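Under my numbering, the residues of the sequence shown are numbered 12 to 324, in order.
Structure first, then comments.
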Amino acid sequence: MPGVPLVDLTRWLDGSDRPIVAAAVDDALAKVGFFLVVGHGVDPGLIAHTRSLFHEFFHLPAEQKAAVRMPQLGMAGWAPMGMEANGYSFGHETPPDMKESYRLGAHVLPGRVAQRGENVWPIVPHGFRETVVEYLAEVDRVHLELLRVCAAAAGLADHETFARHALRNDNTLNVNWYPPVAYVGEPRLNQYRIGPHTDFGTLTLLHRQPGSSALQVQLPDGQWVEAPVRDDAFTVNCGDILAHWVGGRWRSAIHRIPAPVGPEAEHELLSVVYFCDPDADTTIVPVNGDGPAVNAGEYLRAKIAAISMPAAD
12 MPGVPLVDLT RWLDGSDRPI VAAAVDDALA KVGFFLVVGH GVDPGLIAHT RSLFHEFFHL
72 PAEQKAAVRM PQLGMAGWAP MGMEANGYSF GHETPPDMKE SYRLGAHVLP GRVAQRGENV
132 WPIVPHGFRE TVVEYLAEVD RVHLELLRVC AAAAGLADHE TFARHALRND NTLNVNWYPP
192 VAYVGEPRLN QYRIGPHTDF GTLTLLHRQP GSSALQVQLP DGQWVEAPVR DDAFTVNCGD
252 ILAHWVGGRW RSAIHRIPAP VGPEAEHELL SVVYFCDPDA DTTIVPVNGD GPAVNAGEYL
312 RAKIAAISMP AAD
C-alpha cells in the first residue's frame, strides 16, 4: 500500500533528468494525491523566521488579534476559532475546526490582482509584513515551477499549460494555528483540528509543524495514513481544479487532522499553507476532453461558502 512519497526537484531545476522527476510526480498524484518535495531552493532560515512570526502573532492577547480580524471567511486577516468547519464541504455538519487562522492574499506580488479585498497587517510582531511578503514570493516561485512539472507529468508537450493561467490570481497564504486542548477546550463529538476535506484549487504547498505527523491522508481504499514530515520539505497535494483539469488522472485526496488525544493534546501545531488557484476567469477544460468546462473563480467562491460556519440566529 503506498504512503506519501518524497520527490526531489533538484534534477528538474538543473535540467539533468526532468522526465524522472515528472514521472515521480505523476505516480504520486495518481496513487496518493500527495507528495513531499525537497530540493525546492527556499531558504530554511526564511521558513523558520516566517513560522516564528506567526507563532508570535497567535500568542498575542485576543484583543490585539481582533484588530485585524477578517470580516468574513475568505477575506484577509485573523479568523478566531468558530468561523470555519471544513467538514461542511462534504455536507457533514461538524462542530467548528479547533484552530485559529490568518489569511493573506498573494496580490502583494508583482502581476497578481486582489480578488477578496486588501490585506491587513498586524502592528506586531516587528518585521511581519516584510518577511511574509518575501516568503510569499518564494513559495509562489515553487508553485509555478511545480505546475510546469505537473504539465510534463500529465504528458503535455507545453510545460506552461497550467502555469500560464496562474500568474494573476490572488493565491492564499493561510496559516493555521492548532492550540493545545487547554486553550480551546476538550473536543466535542465529531470535532477535528481540521475536518476531512479536499483542497479546491490546483496545488497546495504546506510547511508543517516540525516533528508532527498529525496530518492524515485517505488512500483510494479508504485507509487513513499519516503523512510523514521533514523540516526541509513542503507537503504538496493536488486540488479539485487540477484533478478536473487532467481529466481525473490524479487524486484530490481527502485529508484531515483529528482532534488530539493523550500527550498530543498538550501540543500546539502551526501549519503554513499556500493555496494556489488558476486565474479567476480561467475556464478549466479537461485536457483529455473528459468532463465539463468549469469556471475557476465561481468554483472557488462556492467552496469557500460551503465551509463557512452558519451565522448564529
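Even for Gly, the Cβ is constructed at its ideal location relative to N, Cα and C.
Everything numeric in this text was worked out from a predicted model, so none of it was measured.
Entirely enclosed beta strand (DSSP E) segments - the stretch 28 to 82, minimum 3 residues: Taking 3 residues as the minimum length, the beta strand (DSSP E) runs contained wholly in the stretch 28 to 82 are 45 to 49, in order along the chain.
Counted within 10 angstroms of its Cβ, other Cβ atoms place Trp-89 as buried (16 or more) or exposed: Residue 89 sits at position 78 when you count from the first residue of the sequence shown. So Trp-89 ends up on the buried side.
Going straight from the alpha carbon of Val-305 to that of Gly-250, what length do you get? Here the question's residue 305 lines up with position 294 in the sequence shown. Here the question's residue 250 lines up with position 239 in the sequence shown. Going from the Cα of Val-305 to the Cα of Gly-250 covers about 14 Å.
Quick one: using the 10 Å Cβ neighbour count with 16 as the cut-off for buried, is Trp-235 buried or exposed? As a first step, residue 235 is located in the sequence shown; it is residue number 224 there, counting from the start. That one is exposed.
DSSP three-state label for Glu-275, please. Counting from one through the sequence shown, the residue named residue 275 turns up at place 264. Note: Glu-275 maps to helix in three-state DSSP.
I'd like to know if the stretch 13 to 25 and the stretch 236 to 243 are in contact, where contact means that at least 3 CB-CB pairs between them fall below 8 Å. yes
Quick check on DSSP: helix, strand or coil for Glu-197? In the sequence shown, residue 197 corresponds to position 186, counting from 1. Coil at Glu-197, not helix or strand.
Compute the distance between the beta-carbons of Leu-226 and Ile-295, then report whether it is under 8 Å. By 1-based counting over the sequence shown, the position of residue 226 is 215. By 1-based counting over the sequence shown, the position of residue 295 is 284. Against a cut-off of 8 Å, the Cβ pair of Ile-295 and Leu-226 comes out as no contact.
Using a Cβ-Cβ cut-off of 8 Å (strictly less than) and excluding sequence neighbours within five positions of Met-86, which residues of its own chain qualify? As a position in the sequence shown, residue 86 is number 75, starting the count at 1. Excluding sequence neighbours, Met-86 sits near Arg-114, Arg-127, Gly-128.
Using the Cα positions of Val-298 and Phe-173, report the straight-line distance between them to the nearest angstrom. What you label residue 298 is simply residue 287 of the sequence shown in a count that begins at 1. What you label residue 173 is simply residue 162 of the sequence shown in a count that begins at 1. The straight-line gap from Cα to Cα measures roughly 10 Å.
Closest Cα partner of Pro-289 within the set Glu-277, Thr-215, Glu-275: Here residue 289 corresponds to residue number 278 of the sequence shown, with the count starting at 1. Out of Glu-277, Thr-215, Glu-275, Thr-215 has the C-alpha closest to the C-alpha of Pro-289.
Taking 8 Å as the cut-off, decide whether the C-beta atoms of Asp-181 and Ala-125 are in contact. What you label residue 181 is simply residue 170 of the sequence shown in a count that begins at 1. What you label residue 125 is simply residue 114 of the sequence shown in a count that begins at 1. Yes, these two residues count as a Cβ contact at 8 Å.
Quick one, are the C-beta atoms of Leu-84 and Met-94 less than 8 Å apart? Against the sequence shown, residue 84 aligns to sequence position 73. Against the sequence shown, residue 94 aligns to sequence position 83. It is a contact, given that the beta carbons lie within the stated cut-off.
Length at least 3, wholly inside the stretch 199 to 241: the beta strand (DSSP E) runs in chain order: Correct list: 203 to 208, 214 to 218, 227 to 229, 235 to 237.
Only counting runs of 4 or more residues, tell me where the alpha helix (DSSP H) segments fall wholly within the stretch 122 to 196, in order along the chain. Listed in chain order, they are 139 to 164, 192 to 195.
For the stretch 160 to 168 against the stretch 59 to 75, do three or more pairs of beta-carbon atoms, one drawn from each stretch, fall closer than 8 Å, so that the two count as touching? The answer is no - the stretch 59 to 75 does not touch the stretch 160 to 168, with fewer than three Cβ pairs under 8 Å.
Using DSSP bridges, identify the partner residues of Gly-116. On the sequence shown, residue 116 is found 105 positions in, with the first residue counted as 1. Paired residue(s): Thr-183.
Using DSSP bridges, identify the partner residues of Ile-268. Residue mapping note: residue 268 aligns to position 257 of the sequence shown, counting from 1. Answer is Ile-205, bridged to Ile-268.
What first and last residue would you give for the alpha helix (DSSP H) that runs through Asp-251? Translated into positions along the sequence shown, residue 251 becomes position 240. Run containing Asp-251: 251 to 256, per the alpha helix (DSSP H) assignment.
Considering only C-alpha positions, which residue in the set His-278, Leu-157, Leu-40, Gly-138 is nearest to His-21? Within the sequence shown, residue 21 is the residue found at index 10, counting from 1. The sequence given here places Thr at residue 21; His does not occur at that position. Answer by Cα proximity: Leu-157.
Can you give me the Cβ contacts of Arg-199 inside the same chain, cut-off strictly under 6 Å, excluding the 5 residues immediately before and after it? Residue 199 sits at position 188 when you count from the first residue of the sequence shown. These residues qualify, in order along the chain: Pro-106.
Look at the alpha carbon of His-137 and the alpha carbon of Met-109, and state the distance between them as a whole number of angstroms. One-based indexing of the sequence shown puts residue 137 at position 126. One-based indexing of the sequence shown puts residue 109 at position 98. Taking the straight line joining both Cα atoms gives about 27 Å.
Starting from Trp-89, trace the beta strand (DSSP E) in both directions and tell me its first and last residue. Within the sequence shown, the letter at position 78 stands for residue 89. Where Trp-89 is concerned, the enclosing beta strand (DSSP E) stretches over 88 to 90.
How many Å lie between Arg-241 and Pro-221 at the Cα? Here residue 241 is taken as the residue at index 230 of the sequence shown, counted from 1. Here residue 221 is taken as the residue at index 210 of the sequence shown, counted from 1. Cα-Cα distance, rounded: 7 Å.
Determine whether the beta carbon atoms of Phe-45 and Asn-201 lie at a separation below 8 Å. Against the sequence shown, residue 45 aligns to sequence position 34. Against the sequence shown, residue 201 aligns to sequence position 190. No, they are not a contact pair.
Proximity below 8 Å, CB of Asn-187 to CB of Val-79: Translated into positions along the sequence shown, residue 187 becomes position 176. Translated into positions along the sequence shown, residue 79 becomes position 68. No. Outside cutoff.
Per DSSP, what kind of secondary structure is Thr-294 in: helix, strand or coil? The count along the sequence shown starts at 1 and reaches residue 294 at position 283. Three-state result, Thr-294: strand.
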